[in-house]
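Positions 992 to 1058 (my numbering) are the ones given, in order, by the sequence shown. Here a beta-carbon is modelled for each residue, glycine too, at the ideal position from N, C-alpha and C.
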Amino acid sequence: MLPLTKVVLYVWSDGTCSLLTVPLSWRHDQPLPADVPDERYETPTAAMAALAETGRAQNPAMRFHRG
């Protein structure tokens, strides 16, 4: 069984953001695990848009169309 994880929005000291998949028990005051992939985004809005797009790709039944 795979360990439970969560995706967190992490803001770096230079202002860029990352969506990091960390263990469910990880807290923001702990160091990041060494094996966490790091893809940087310029703004939190860009990071959240990428997260939303990933969710839509994983679950195509949940697509919403704006009129």
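Residue i versus the options, residue with shortest Cα-Cα distance
i, options, result
"residue 1013", "993, 1005 and 1045", "993"
"residue 996", "1003, 1006, 1017 and 1005", "1017"
Local conformation of residue i per DSSP, three classes
i, result
"residue 1042", "helix"
"residue 1014", "strand"
Burial state of residue i (16 or more Cβ within 10 Å)
i, result
"residue 1040", "exposed"
"residue 1025", "exposed"
"residue 1038", "buried"
8 Å Cβ shell around residue i - same chain, five flanking residues per side excluded
i, result
"residue 1031", "1003, 1007, 1008 and 1009"
Cβ shell of residue i (< 6 Å), same chain only, five flanking positions each side left out
i, result
"residue 998", "1010 and 1012"
"residue 1021", "none"
Residues near residue i by beta carbon distance below 7 Å, same chain, minus five either side
i, result
"residue 1027", "1011, 1012 and 1013"
"residue 1045", "none"
"residue 1033", "1007"
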